[in-house]
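Peer 1:
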Amino acid sequence: MNPLLSVRHLRTSFETNGSIARAVDGVSFDLFPGETLGLVGESGCGKTVTALSILRLVSGPTGHIVKDSVIEYQGTDLLRLPPRELRRIRGAEIAMIFQEPTTSLNPVLTVGTQIAETLRAHTKMDRKGARRRAIELLELVGIPDPESRVDDYPHQLSGGMQQRVMIAMALSCDPKILIADEPTTALDVTIQAQILALLAKLKRRLGMAMILITHDLGIVAGLADRIAVMYGGQIVEQAPTDILFQHPQHPYTEALLKAVPRIDRPTTRLAAIPGMVPRATKWPTGCRFHPRCQHVWERCRVRMPDLLTWSPEQHSRCWLVEEPERRQE
Amino acid sequence: MVRYLAVRSVQAAAIVFLVATLTFVLLHLAPGDPVIASTESTLVRREVIEQQRRNFGLDRPIHVQYLRYLRNLSRGDLGYSFRERRSVWHAVRERIPNTLLLATAALLVMFGLGMLIGAVQAAVPRSRADDALSILTLAVYSMPVFWLGLMLMLVFGLGLGWFPVGGAVDQVLYPHMSLLGKVGDRAVHLFLPALTLGLVGAAVTARYQRAAMLDVIRQDFVRTARAKGLSERTVFLKHALRNALLPIVTLFGLTFPLLLSGAVLIESVFAWPGMGKFAVDALHGRDYNVVTGTAIIAAAMVVLGNLLADLLYRVVDPRTRESS
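Here's what the structure looks like:
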C-alpha cells in the first residue's frame, strides 16, 4: 500500500536573535490511508512544528523549512506547490485542529460563518447551502440545538463545544487527513474523554487518516495504530502501539512509560526523567538524549545514531540496538 | 440597554455641570471683565463702567452670579453675549454646523487615511515601504498642528494657489452660486483645514492600526484561517482587520477631545467661522457667557462621541454585547 503522506528529512528552523533554533531536525515518517499515527513527546520536542510544517503554516520572517525537506501528499510535494494550489489542499484534503479552541476561533465571527467559509472556499456551495451544511456538521459533532448554535459567537460556547466546532470545521470538506495537535490538552478531563471518543468515532465513520499529536501516552494508547516518539526535533522511536508499549527500545520511550502513574501497581513516588529538554538552539552532541540517559556510554556522547532497525516494524534511534548488552537493568 | 443609556445620561449631566462650574470659576478669577475688555479707551468715565457692570450684574458676589448662571442653565438658557449683543445660543447655533463639518471631515481623513496606511504597513512589515511610512507618520505626529496648518497654507494656498487660505465659503461670490457651485466652494474651503486637523490624527491612527494588525496576525485564529485554505486576502481583510478594529474604536473614543481642541487652533489659523474660533475670540474679550457656553457644548460633544464609541464597540466586538 502506498502511503498517503510521506515526510522525508523535514527540517524546520527558526531564527531568534542571531541564533538558529533547529526545532525539527530531520523527521521522516509515512502515514497510510485510514491509519492513526500518534506523535508523542515532551513540550519543545518539535511535535507541533512538524504538524504546522506539513501545511506550511510555519510562517513569518523567523521560521522556515529547510530546502531539501520533502512532504509528499499523494505524489505531490507540498513544499514545492504554488500557494494557490497549496490552498486547495489546506482544509479540503488535509485539515487541522489545534490545542486551544478558545484562541483558534475568530472571536468576532459566528461559528456558522467560520464553518461556512471553509465550505465556500473549497466547494461551489452557495451561502444558504453552506449554512445548512454547517448545521449538519454541528449536529455530527454532537452539539445540541445546532440550528440556534450556528449563530453563536465562540465566546458563547464552552471549551469542549468550541473544540467540537473546530472539529466540525476541519471535517467540513471530508479531508483525507486530519492533523489533531493536542486536541484535548486545554480541556477538562471529562471533556477530554468525550472529545477523544468523538474523534475516534468520526475517524471510523469517515475513514480518514489522522496524525494525533500529544504529550499524553494515555491518549495515543487508545487511539493510535502506530506511534512515533519525538525528542530533540527528531523521531527517536517508531513502532506499532502495542509493541511500543510492551517492548520500548529507546531509553527515552522507556522513561516516558515509567513516568505514567499506574493504578494497578503500588507506587511510592512518581518517576520523572531527570534533567530538561535541551534547547533547540543548542542540541547536545552525539545522541540528543544522552545527558538524561541512564545507559549512556562513550559512543553516545560522540556520534548520533540513525533510526536503527530493531525489527521490521520497530525502529529506535539508539546505539543499544547495535549493542544490546550495554543495557543496564 | 435602557439602563445603560440612563447611567450614561446621568454621567453626561454630571460632566456638563462640572465643566460649567470650572469654566465659570476660572474665568471669574482671571483678571479683567467684559466691560473693561470692550472699552478701548481709558477716557471712559468710571461711573459709566460701574453702571455697565451693574446692568449685567457683574458687581454681585461671585457665588450669587454662579447660582444665577446655574438657574438659567437648568432652563437651557446659556445667557447673553456681551460682544455679540444677543443670546449665546443664537450666536453659537450658526457656528456649530461649521465646526461639525470640519470635525467630521477631519475624522474621515484621520481614520480613512490612517487605517489605510497602517494596514498597508502591516501587510508588508519591516519592508522599505513600512519603514518609510513609519518615519513619515512619526514626523507628522511630531508636528504642531498649527505649524502644519501654516505650512500647508503656504504651499497649497499661497504657493500653488490650489486652495483658498481662509473662511468657510467665498464671501463675495457664494450667494450667487448654483447649488453645485456652493457645494464645490465649501469643499475647496474645507480641504486644507480638514486635512491639517486630520493628518496628525491619521498618523496616530496609522501607528495604532499597524501595531494592532501585527498583533492580530500572530494569533491562533489567523493560523486557523490559513489552515482552512482561505486566501491571504480573505485572511487579512476578513479575519485580521475586523479584530484589529477593536483598538481603533478605543482610539476613536479618545479622539473627540483632541479633535475639538485641535479645531480651536485650526479655526483660528484658517479663519474658519466655527465654535472654536468663536470661543477664542470670546476669551480675549472676556465674554464670560460665550466661553462657558461653548465649553459646555464642547463637553456635550465629547460625551456624545464617547457614547458613540461605546455603541460602535458593541457592533464590532460581539463579546461586549452580553447581558443587555
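Quick mapping for you: the protein sequence lines, in order, are chains P and S.
Residues 3 to 331 (the numbering used here) are what the first sequence spells out, left to right.
Residues 2 to 325 (the numbering used here) are what the second sequence spells out, left to right.
In this text, a Cβ means the ideal position worked out from N, Cα and C, and glycines have one as well.
1. Can you list the residues of chain P that ASP318 of chain S reaches, using a CB-CB cut of under 9 Å?
2. Determine, for SER45 of chain P, whether the minimum Cβ-Cβ distance to residues of chain S falls below 9 Å.
3. I'd like to know if ALA120 of chain S contacts chain P, where contact means its C-beta is closer than 9 Å to some C-beta of that chain.
4. By Cβ distance, which residues of its chain are closer than 6 Å to LEU309 of chain P, with the 5 residues on each side in sequence left out?
5. Any contact between the region 61 to 80 of chain S and the region 156 to 170 of chain S? By contact I mean 3 or more CB pairs, one from each, below 8 Å.
6. Secondary structure at ALA97 of chain P, three-state DSSP: helix, strand or coil?
7. At 7 Å on the CB atoms, spell out the chain S contacts of LEU57 of chain P, in chain order.
8. Could you tell me whether the region 232 to 243 of chain S touches the region 290 to 304 of chain S, where touching means 3 or more Cβ pairs closer than 8 Å?
9. Can you tell me which of the three DSSP states VAL121 of chain S falls into?
10. Between the C-alpha atoms of ARG264 of chain P and CYS289 of chain P, what's the straight-line distance to the nearest angstrom?
11. Do we get a CB-CB distance below 9 Å when we pair LEU231 of chain S with the residues of chain P?
12. By Cβ distance below 8 Å, which residues in the same chain neighbour LEU266 of chain S in space, the five residues on each side in sequence not counted?
13. With a cut-off of 8 Å on the beta carbons, I'd call SER71 of chain P and ARG13 of chain P a contact; round off their distance for me.
14. Out of curiosity, what's the CA-to-CA distance linking GLU254 of chain P and GLY28 of chain P?
15. Starting from the beta carbon of HIS240 of chain S, find every residue of chain P whose beta carbon is closer than 8 Å, and list them in chain order.
16. Which runs of the beta strand (DSSP E) spanning at least 3 residues fall entirely within the region 263 to 320 of chain P, listed in chain order?
17. Based on the DSSP secondary-structure assignment, which residues constitute the bridge partners of PRO242 of chain P?
18. Buried or exposed, going by whether 16 or more other CB atoms sit within 10 Å of the CB of ASP183 of chain P?
19. Between PHE31 of chain P and the rest of its own chain, which residues show a CB-CB distance below 6 Å, the 5 nearest in sequence each way excluded?
20. Should ARG151 of chain P and LEU140 of chain P be called a contact, given that it needs their Cβ atoms to be closer than 9 Å?
21. Looking only at its own chain, which residues have a Cβ that is under 8 Å from the Cβ of MET232 of chain P, when we skip the five neighbours before and after it?
22. Quick check on PRO148 of chain P: buried or exposed, where buried means 16 or more other Cβ atoms within 10 Å of its Cβ?
23. Distance, Cα to Cα, LEU196 of chain S vs GLY77 of chain P?
24. Of the choices S:PRO176, S:GLN12 and S:ARG227, whose alpha-carbon is the least far from that of ASN307 of chain S?
25. Ends of the beta strand (DSSP E) at TYR75 of chain P?
26. Using the beta-carbon of each residue, which ones in chain P are nearer than 8 Å to GLN1 of chain S?
27. So, are the CB atoms of GLY254 of chain S and LEU309 of chain S less than 9 Å apart?
28. Following a CB-centred definition, is VAL141 of chain S positioned closer than 8 Å to any heavy atom of the ligand SAH?
29. Going residue by residue through the region 94 to 136 of chain P, where are the continuous alpha helix (DSSP H) segments of at least 4 residues, counting only ones entirely within it?
30. With respect to the beta strand (DSSP E) encompassing THR18 of chain P, which residues constitute its N-terminal and C-terminal limits?
31. Just to confirm the assignment, what range does the beta strand (DSSP E) spanning ALA211 of chain P have?
32. What does ARG187 of chain S reach in chain P if we use C-beta pairs closer than 7 Å?
33. Hey, does ALA97 of chain P have any beta-carbon neighbour from chain S nearer than 9 Å?
34. Can you grab the Cα-Cα spacing for the pair ILE297 of chain S / PHE112 of chain S, in whole Å?
35. I'd like to know whether the C-beta of ARG92 of chain P is nearer than 9 Å to at least one C-beta of chain S.
36. Give the secondary structure of LEU66 of chain P by DSSP, where H, G and I count as helix, E and B as strand, and everything else as coil.
Peer 2: Once the coordinates are examined:
1. Residue numbering aside, residue 318 of chain S sits at position 317 when the second sequence is read from its first letter. Correct list: PRO109 and VAL110.
2. Start at 1 with the first residue of the first sequence, and residue 45 of chain P comes out as number 43. Taking Cβ atoms only, chain S never reaches closer than 9 Å to SER45 of chain P, which makes this a no.
3. Taking the second sequence and counting its residues from 1, the one referred to as residue 120 of chain S is at position 119. Chain P, which has no Cβ nearer than 9 Å to the Cβ of ALA120 of chain S, makes this no.
4. The residue given as residue 309 of chain P occupies position 307 in the first sequence. The residues are HIS317 and ARG319.
5. At 8 Å Cβ cutoff, the stretches do not touch.
6. Here the question's residue 97 of chain P lines up with position 95 in the first sequence. Strand at ALA97 of chain P.
7. Residue numbering aside, residue 57 of chain P sits at position 55 when the first sequence is read from its first letter. Going along chain S in sequence order, the residues near LEU57 of chain P (Cβ under 7 Å) are ALA228.
8. no
9. Reading the second sequence from its first residue, position 120 is the one you call residue 121 of chain S. Three-state DSSP puts VAL121 of chain S in a helix.
10. Counting from one through the first sequence, the residue named residue 264 of chain P turns up at place 262. Counting from one through the first sequence, the residue named residue 289 of chain P turns up at place 287. So the two alpha carbons sit approximately 29 Å from each other.
11. The sequence position of residue 231 of chain S within the second sequence is 230, counting from 1. Interface residue, yes.
12. Against the second sequence, residue 266 of chain S aligns to sequence position 265. Around LEU266 of chain S: VAL146, PHE147, GLY150 and GLY277.
13. Within the first sequence, residue 71 of chain P is the residue found at index 69, counting from 1. Within the first sequence, residue 13 of chain P is the residue found at index 11, counting from 1. Yes, they are in contact, since the Cβ atoms of SER71 of chain P and ARG13 of chain P sit about 5 Å apart, within 8 Å.
14. By 1-based counting over the first sequence, the position of residue 254 of chain P is 252. By 1-based counting over the first sequence, the position of residue 28 of chain P is 26. The sequence given here has Tyr at residue 254 of chain P, not Glu. Those two C-alpha atoms are separated by around 18 Å.
15. Along the second sequence, one-based indexing puts residue 240 of chain S at 239. Those within 8 Å of HIS240 of chain S in chain P are ASN108 and LEU111.
16. 310 to 313 and 316 to 318
17. The count along the first sequence starts at 1 and reaches residue 242 of chain P at position 240. PRO242 of chain P pairs with P:ARG228.
18. Counted from its first residue, the first sequence places residue 183 of chain P at position 181. It is buried - the Cβ of ASP183 of chain P has at least 16 other Cβ atoms within 10 Å.
19. One-based indexing of the first sequence puts residue 31 of chain P at position 29. These residues qualify, in order along the chain: VAL9 and ALA230.
20. Looking up residue 151 of chain P in the first sequence gives position 149. Looking up residue 140 of chain P in the first sequence gives position 138. Cβ distance < 9 Å, so ARG151 of chain P and LEU140 of chain P count as in contact.
21. As a position in the first sequence, residue 232 of chain P is number 230, starting the count at 1. Same-chain partners within the cutoff: VAL29, LEU41, VAL42, GLY43, CYS47, GLY48, LYS49, THR52 and VAL238.
22. The residue given as residue 148 of chain P occupies position 146 in the first sequence. Flag for PRO148 of chain P reads buried.
23. The residue labelled residue 196 of chain S in the question sits at position 195 within the second sequence. The residue labelled residue 77 of chain P in the question sits at position 75 within the first sequence. Cα-Cα distance, rounded: 58 Å.
24. Translated into the one-based positions of the second sequence, residue 307 of chain S becomes position 306. Nearest C-alpha to ASN307 of chain S: S:GLN12.
25. Translated into positions along the first sequence, residue 75 of chain P becomes position 73. Element bounds for TYR75 of chain P: 72 to 75.
26. With chain S covering only 2 through 325, there is no way to say anything about residue 1 of chain S.
27. On the second sequence, position 253 is the one that residue 254 of chain S refers to. On the second sequence, position 308 is the one that residue 309 of chain S refers to. In this structure, GLY254 of chain S sits near LEU309 of chain S, with a CB-CB distance shorter than 9 Å.
28. Ligands in the displayed structure: none, and consequently the ligand SAH is not present.
29. 103 to 106 and 113 to 124
30. Taking the first residue of the first sequence as 1, we reach residue 18 of chain P at position 16. Its beta strand (DSSP E) spans residues 7 to 18.
31. The residue given as residue 211 of chain P occupies position 209 in the first sequence. That run of the beta strand (DSSP E) goes 211 to 216.
32. Counting from 1 along the second sequence, the entry for residue 187 of chain S is found at position 186. Result: empty, since nearest Cβ-Cβ is about 37 Å, beyond 7 Å.
33. Along the first sequence, read from residue 1 onward, the residue named residue 97 of chain P stands at position 95. Cβ-Cβ to chain S under 9 Å: yes for ALA97 of chain P.
34. To locate residue 297 of chain S, count along the second sequence from 1; it is residue 296. To locate residue 112 of chain S, count along the second sequence from 1; it is residue 111. Each residue's Cα considered, the two are about 26 Å apart.
35. Translated into positions along the first sequence, residue 92 of chain P becomes position 90. So, interface residue.
36. Working through the first sequence from its first residue, we reach residue 66 of chain P at position 64. It should be pointed out that residue 66 of chain P corresponds to His in this sequence rather than to Leu. Collapsing the DSSP output to three states places HIS66 of chain P in a strand.
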